[in-house]
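Participant: Residue numbers (this note's numbering): 132 to 442. We put the CB at the ideal spot given by N, CA and C, even for glycine. Dropping the structure in here first, questions after.
Shown next as structure tokens:
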């Protein structure tokens, strides 16, 4: 579900770009910012009413018992709970400033490895998003074909997210993400050698989209698996924040390498390296898990909400 949720971000970007082009033509570029500012404000009350906190997080807070009861009743109207029932969670809990909780003895190494993976993968996402049409046009593709290649990258990301989610359900995160990043490494190198050959270029770009975009969404779900509920938002938020530094660096390095007259094959070879780094990080996390140094959050292993208990 986490991967499907993040997939809609790519879908929204694709739809938004198409709609924005029409609105700019009709009303000017300023109108885009007006719409972009108003829509979130309109959605706020809807989200407040219809998007509650998770049951696990509410159960960790003893004062939210009535809200847990109401949500469970909404999920299953036929359920009946004793009037004095209290809902508890078997998960670890904590209060106060949560950032230091990411660096406790058993979470320090997983947190740092996650940050490296997010940094590397988001570097590739923004490098390819920004420079793929330019570089494919440089090797001889017409502008329209170069744009179509960029669309294949986004399409691979959207469809790949669904496929990776299904595979992860069956095979687990470690094996699927490791294979995904290795495929990303090989496909990006292939892009560099494909030149203007569309029969080679388009499949390679599609696979790169599956690996880079789908792999990042898999990373998001992986982070949710590692951290318990009470610090999950903090852990994922900081990992995404570190990843944003990678995205800035990816775009910047692409421009610098182009200015330095790197050839297209060398540019793509360089951009394949972060995928290899991400594969090695996943391998390290898998080894850490096998040695007992990686404790998945409780509610990914079982239902974190206990049966109702009387007060």
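Tell me whether the region 274-289 and the region 333-351 touch, counting them as touching only if at least three CB pairs, one residue from each stretch, are closer than 8 Å.
Facilitator: yes
Participant: Just the C-alpha distance for residue 365 and residue 291, rounded to the nearest angstrom, thanks.
Facilitator: 27 Å
Participant: Just to confirm, are residue 378 and residue 253 a CB contact at a threshold of 7 Å?
Facilitator: yes
Participant: Please return the same chain residues whose Cβ sits closer than 7 Å to the Cβ of residue 423, not counting the five positions on each side in sequence.
Facilitator: Nothing listed; no residue qualifies.
Participant: Are the CB atoms of residue 354 and residue 245 nearer to each other than 7 Å?
Facilitator: yes
Participant: Whole alpha helix (DSSP H) runs in the region 354-402 with 4 or more residues, listed along the chain?
Facilitator: 360-390
Participant: Count the other CB atoms within 10 Å of the CB of residue 177; is the residue buried (16 or more) or exposed (fewer)?
Facilitator: exposed
Participant: By Cβ distance, which residues of its chain are closer than 8 Å to residue 135, with the 5 residues on each side in sequence left out?
Facilitator: 292, 293, 296
Participant: Output needed for residue 163: all residues of its chain with C-beta closer than 7 Å, excluding positions within five of it in sequence on either side, in chain order.
Facilitator: Cβ-Cβ distances below 7 Å link residue 163 to 151, 154, 155 in the same chain, with the five nearest sequence neighbours on each side left out; the list follows chain order.
Participant: In the DSSP assignment, what are the bridge partners of residue 214?
Facilitator: Bridge partners of residue 214: none, in fact.
Participant: Please confirm whether any heavy atom of the ligand ZN lies closer than 6 Å to the CB of residue 300.
Facilitator: With respect to the ligand ZN, the structure shown offers nothing to examine, as it has no ligands at all.
Participant: Could you spell out the range, first to last residue, of the alpha helix (DSSP H) harbouring residue 306?
Facilitator: 304-325
Participant: Alpha helix (DSSP H) containing residue 168: first to last residue?
Facilitator: Segment 160-181, the alpha helix (DSSP H) holding residue 168.
Participant: Return yes when the Cβ of residue 309 is within less than 7 Å of the Cβ of residue 407, no when it is not.
Facilitator: no
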